[in-house]
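Scroll down for the structure; my scribbles are underneath it.
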Amino acid sequence: MFITRKHLSRRTFLKGSSAAIALPFLDAMTPALAQAKKSPVRLAFVYVPNGIVMEDWTPKTTGGDYALTRILKPLESLKQDMFVLSGLADHNGNALGDGPGDHGRAGASYLSGVHCKKTSGADIRAGISADQFAAAALGQQTRFASLELGCEDSRTVGNCDSGYSCAYTNSISWRTPTTPNPPEVNPRSVFERLFGTA
Numbered sequence: 614m615f616i617t618r619k620h621l622s623r624r625t626f627l628k629g630s631s632a633a634i635a636l637p638f639l640d641a642m643t644p645a646l647a648q649a650k651k652s653p654v655r656l657a658f659v660y661v662p663n664g665i666v667m668e669d670w671t672p673k674t675t676g677g678d679y680a681l682t683r684i685l686k687p688l689e690s691l692k693q694d695m696f697v698l699s700g701l702a703d704h705n706g707n708a709l710g711d712g713p714g715d716h717g718r719a720g721a722s723y724l725s726g727v728h729c730k731k732t733s734g735a736d737i738r739a740g741i742s743a744d745q746f747a748a749a750a751l752g753q754q755t756r757f758a759s760l761e762l763g764c765e766d767s768r769t770v771g772n773c774d775s776g777y778s779c780a781y782t783n784s785i786s787w788r789t790p791t792t793p794n795p796p797e798v799n800p801r802s803v804f805e806r807l808f809g810t811a
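All residue numbers for the sequence shown refer to this note's numbering, where the first residue is 614 and numbers rise by one.
Structure (structure tokens):
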């Protein structure tokens with residue numbers, strides 16, 4: 614604080630007061646677009662390899678005014694921002710002459726739509742997955758372009774399903790046709806990645 618014995622003129626006092634009174638209104642002078650920072654778009658893919666009771670999952674009606682089913686009811690607060698897709702088929706997850714190995718093929722083709730190469734070696738080949746295409750388009754708005762999360766430890770090498778690599782069985786996200794994104798299964802690791810260590 615600077616204190617002086619010099620008296621302020623009324624004019625100087627009024628100039629200073631008017632500037633102080635106007636300060637709160639300066640925010641109103643910024644452009645509207647600068648004020649409204651839009652939340653980044655979020656996208657989630659959920660994979661349930663052992664299936665869902667479809668009557669309890671799929672809404673009975675189409676359009677935005679659908680009633681949430683028993684399974685979807687916990688997501689009610691997100692309904693206005695959520696789409697439920699149904700009636701889709703993944704024909705490349707079928708055998709197509711490769712014999713057994715439904716779990717491996719299904720995991721690899723779930724988001725890529727590609728019939729993966731049947732191999733238990735390192736010469737895996739699937740396709741870039743939809744989540745990675747979305748991450749390339751939307752990921753610049755967020756700290757991490759994509760997060761791959763899972764529920765159980767899984768390996769990405771070896772034979773896990775009738776001659777199909779464990780990479781197919783345990784990774785639904787593929788950065789490139791030959792690079793799976795293994796899921797992170799440790800909640801603490803995910804937390805520290807997002808928010809740092811304490």
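In this text, a Cβ means the ideal position worked out from N, Cα and C, and glycines have one as well. This structure is a prediction, so every number in the text was calculated from the model and none was measured.
- Secondary structure note for D736: it is in no beta strand (DSSP E), with a DSSP letter that is neither H nor E.
- Under DSSP, E761 forms no beta bridge with any residue.
- Nearest in C-alpha terms to L760, of all of F804, G714, V661, is F804.
- A Cβ-Cβ separation of about 7 Å places G720 in contact with P662 under the 8 Å criterion.
- Between the beta-carbon of T782 and that of H716 there is about 6 Å, and that keeps the pair under the 8 Å contact cut.
- Counting the other CB atoms within 10 Å of its CB gives P653 a total below 16, which places it among the exposed residues.
- G740 sits buried, since 16 or more C-beta atoms from the chains shown fall within 10 Å of its C-beta.
- By the criterion of a C-beta distance shorter than 8 Å, L762 is surrounded in its chain by P796, E797, V798, V803, once the five residues flanking it on both sides are discounted.
- CA-CA distance, T682 to G734, rounds to 42 Å.
- Residue pairing by DSSP puts S778 in a beta bridge opposite N772.
- Boundaries for R806: no beta strand (DSSP E) harbours it, while the alpha helix (DSSP H) harbouring it runs 800 to 808, taken from the DSSP string.
- Looking at the DSSP output, T792 shares a beta bridge with T789.
- With a threshold of 16 other beta carbon atoms within 10 Å, S722 meets it and is buried.
- A748 counts as buried, since at least 16 other C-beta atoms from the protein chains shown sit within 10 angstroms of its C-beta.
- Cβ neighbours of A680 within its own chain (closer than 8 Å, five residues either side excluded): P672, K673, T674.
- CA-CA distance, G776 to G752, rounds to 35 Å.
- Here the alpha carbons of A708 and F808 stand approximately 43 Å from one another.
- Its chain contains A739, G740, S742, W787 as the residues whose beta carbon lies nearer than 6 Å to that of S725, once the 5 sequence neighbours on both sides are disregarded; these appear in chain order.
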